[in-house]
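Participant: To start, I am sharing the structure in question, which I have written as structure tokens.
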Amino acid sequence: MSTPVFLSIAGSDCSAGAGAQADLKTGFALGCYPLTALTCVVSEVPGCVRGIQPMPADFVRDQIELCLASFPVCAVKCGMLYSPDIVRAVAHALGNFRGPIVIDPVMIATAGEPLMQQAAVRVYEETLFPRATVLTPNCDELAALLSCPAPTTAAELEAAARDIAARYGCAVLAKGGHLHSDSCTDLLVEQGGNLHTWEHARTKNISTHGTGCTLSSALTAELAHGYPLPVACARALDYTARSIARSHRFGSCCALNHHGEKEGAIKVD
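Now the structure itself:
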């Protein structure tokens, strides 16, 4: 059996816990050959984003077109796209791609820093969301897209996911890691309205970094293997839960902000 190829369109994380680096690690772990088209280079470590350097939009487009022309790409993941010009370039480059497209609407870092220009959100909604096979927003991203408070319960998470699915005509895997509950509830609303729900035990006393990137790239890998969307989601969620439980913990790893103050995050997926 040949190795499935998928393309990650994402930013670069110098701490290697998120972005394209997380996608590469996840893709290889799940038996795929992951390609990357870099949209930005981000100076960050867990808990602190120090700077973002976007790639020229034409260069982003060229990376995508070259990968699609040179490899048998089975699925595509879109992560951090950052600017309106980059979003437009990605949409144009994916114009003839007919495989599954997983969109992780990376807008806000776990530490709270914005990872997308506000003007890019509308372009994202107009050009890429309607083409998505599945969106993978977390609670904060659901709130930003719907201009409402972030969900705090599973019922609110489902309602928000259904609103997004109806608005853009695609499936939504809503991530419940930020819900106020003892377990982690994630749910998939399919295009036809079918609901699938999963629960995983929370890993205690851990500060995560790159979990959303890992989940979306795992989902892309499973779709590249040919699994139906609900099965791919279940497998990706299981993989991510295992990754969190066995993730690296660096006792001396502390981010420093621009004032030289410790931020305190210590974990990298």
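Going by my numbering, the sequence shown opens with residue 10, and the numbers climb by one from there.
Beta carbons: idealized from backbone N, C-alpha and C, even for Gly.
Every value quoted in this text rests on a predicted model; they were computed, and no experiment measured them.
So the candidates are THR142, PRO114, ALA141, GLU165; which of them puts its Cα closest to the Cα of ALA129?
Facilitator: Within the sequence shown, numbered from 1, the residue matching residue 129 stands at position 120. Among THR142, PRO114, ALA141, GLU165, the Cα nearest to that of ALA129 belongs to PRO114.
Participant: Considering only their Cβ atoms, is the gap separating VAL85 from PHE106 smaller than 8 Å?
Facilitator: Stepping through the sequence shown from its first residue, residue 106 is reached at position 97. Stepping through the sequence shown from its first residue, residue 85 is reached at position 76. In contact: PHE106 and VAL85 (Cβ atoms closer than 8 Å).
Participant: In the DSSP assignment, what residue or residues form a beta bridge with ASP195?
Facilitator: On the sequence shown, residue 195 is found 186 positions in, with the first residue counted as 1. Per DSSP, TRP207.
Participant: Let me confirm a value: THR48 is counted as buried when at least 16 other C-beta atoms fall within 10 Å, else exposed. Which label applies?
Facilitator: The residue given as residue 48 occupies position 39 in the sequence shown. By the 10 Å Cβ count, THR48 comes out buried.
Participant: Do you know how far the Cα of ALA46 is from the Cα of CYS19?
Facilitator: Locating residue 19 in the sequence shown gives position 10, counting from the first residue. Locating residue 46 in the sequence shown gives position 37, counting from the first residue. Checking the sequence shown, residue 19 turns out to be Ala, not Cys. Whole-angstrom Cα-Cα distance: 6 Å.
Participant: Are there 16 or more other CB atoms within 10 angstroms of the CB of GLY202, so buried, or fewer, so exposed?
Facilitator: One-based indexing of the sequence shown puts residue 202 at position 193. So GLY202 ends up on the exposed side.
Participant: Just tell me which of ASP94, PRO55, VAL82 has its CA closest to the CA of VAL69.
Facilitator: Here residue 69 refers to the residue found at position 60 when the sequence shown is read from its first residue. The residue with the shortest Cα to Cα distance from VAL69 is ASP94.
Participant: In terms of residue numbering, what span does the alpha helix (DSSP H) encompassing GLY36 cover?
Facilitator: As a first step, residue 36 must be located in the sequence shown, where it is residue number 27. Run containing GLY36: 28–38, per the alpha helix (DSSP H) assignment.
Participant: According to DSSP, is GLY201 part of a helix, a strand, or is it coil?
Facilitator: Residue mapping note: residue 201 aligns to position 192 of the sequence shown, counting from 1. Here GLY201 sits in coil by DSSP.
Participant: Buried or exposed: where does ALA101 fall if 16 or more other Cβ atoms within 10 Å of its Cβ makes it buried?
Facilitator: As a first step, residue 101 must be located in the sequence shown, where it is residue number 92. Sequence inspection shows His at residue 101; the Ala mentioned does not correspond to that position. Exposed, since its Cβ has fewer than 16 Cβ neighbours within 10 Å.
Participant: Keeping to the same chain, check which residues put their C-beta closer than 6 Å to that of PRO13; ignore five residues upstream and five downstream.
Facilitator: Position 4 of the sequence shown holds residue 13. The residues are CYS41, CYS83, ALA233, HIS234.
Participant: From the DSSP output, which residues share a beta bridge with ILE18?
Facilitator: Position 9 of the sequence shown, counted from the start, is the residue given in the question as residue 18. Looking at the DSSP assignment, ILE18 forms a beta bridge with ALA46, CYS87.
Participant: Give every residue of the same chain whose Cβ lies closer than 7 Å to the Cβ of GLU122, excluding the five residues on either side of it in the sequence, and list them in chain order.
Facilitator: Reading the sequence shown from its first residue, position 113 is the one you call residue 122. Same-chain partners within the cutoff: VAL58.
Participant: Kindly indicate which residue of ALA183, GLY26, PHE15 has the alpha-carbon position closest to the one of ILE253.
Facilitator: Counting from 1 along the sequence shown, the entry for residue 253 is found at position 244. The residue with the shortest Cα to Cα distance from ILE253 is GLY26.
Participant: Measuring CA to CA, which of TYR236, THR223, ARG244 is closest to ALA29?
Facilitator: Residue mapping note: residue 29 aligns to position 20 of the sequence shown, counting from 1. Among TYR236, THR223, ARG244, the Cα nearest to that of ALA29 belongs to THR223.
Participant: If distances are taken between C-alpha atoms only, which option among LEU75, GLU53, LEU90, GLY56 comes closest to ALA66?
Facilitator: What you label residue 66 is simply residue 57 of the sequence shown in a count that begins at 1. Selected option, being the one with the closest Cα: LEU90.
Participant: Taking the alpha carbon of ASP149 as the reference point, which residue from ALA159, LEU137, ASP71, ARG140 has its own alpha carbon closest?
Facilitator: Position 140 of the sequence shown, counting from 1, holds the residue named residue 149. Cα-wise, what sits closest to ASP149 is ALA159.
Participant: With the cut-off set at 8 Å, would you say GLY219 and ALA31 are in Cβ contact?
Facilitator: Indexing the sequence shown from 1 puts residue 219 at position 210. Indexing the sequence shown from 1 puts residue 31 at position 22. Taking 8 Å as the Cβ cut-off, GLY219 and ALA31 qualify as a contacting pair.
Participant: Starting from PRO139, trace the alpha helix (DSSP H) both ways and give me its first and last residue.
Facilitator: Walking along the sequence shown from the start, residue 139 turns up at place 130. Where PRO139 is concerned, there is no enclosing alpha helix (DSSP H), given that its DSSP letter is neither H nor E.
Participant: If you measure between the beta carbons of ALA183 and ALA170, is that distance less than 8 Å?
Facilitator: Here the question's residue 183 lines up with position 174 in the sequence shown. Here the question's residue 170 lines up with position 161 in the sequence shown. Contact: yes.
Participant: By how many angstroms is the C-alpha of SER226 removed from the C-alpha of GLY185?
Facilitator: Counting from one through the sequence shown, the residue named residue 185 turns up at place 176. Counting from one through the sequence shown, the residue named residue 226 turns up at place 217. Cα-Cα distance, rounded: 17 Å.
Participant: Give the single residue among VAL51, VAL198, GLN62, ALA152 whose Cα lies nearest to the Cα of GLY178.
Facilitator: In the sequence shown, counting from the first residue as 1, residue 178 sits at position 169. The candidate whose alpha carbon is nearest that of GLY178 is VAL198.
Participant: Just how far apart, CA to CA, sit ALA98 and THR229?
Facilitator: Indexing the sequence shown from 1 puts residue 98 at position 89. Indexing the sequence shown from 1 puts residue 229 at position 220. C-alpha separation (whole angstroms): 21 Å.
Participant: Looking only at C-alpha atoms, which of MET64, GLY60, LEU44, ILE61 sits nearest to LEU75?
Facilitator: For the purposes of this step, residue 75 is taken as residue 66 along the sequence shown, with counting starting at 1. Measuring from the Cα of LEU75, the nearest candidate turns out to be LEU44.
Participant: Check each candidate in ASP22, GLY36, SER11 and name the one with the smallest Cα separation from ALA245.
Facilitator: Stepping through the sequence shown from its first residue, residue 245 is reached at position 236. When only C-alpha atoms are compared, the closest one is GLY36.
Participant: Measure the alpha-carbon distance for THR206 versus ALA141 and round it to whole angstroms.
Facilitator: Within the sequence shown, the letter at position 197 stands for residue 206. Within the sequence shown, the letter at position 132 stands for residue 141. Their backbone Cα atoms lie some 20 Å apart in a straight line.
Participant: Identify every run of the beta strand (DSSP E) within the stretch 53–137, keeping only runs that are complete inside it and at least 3 residues long; order them along the chain.
Facilitator: Counting whole runs of 3 or more residues, the stretch 53–137 contains the beta strand (DSSP E) stretches 57–63, 82–87, 110–112.
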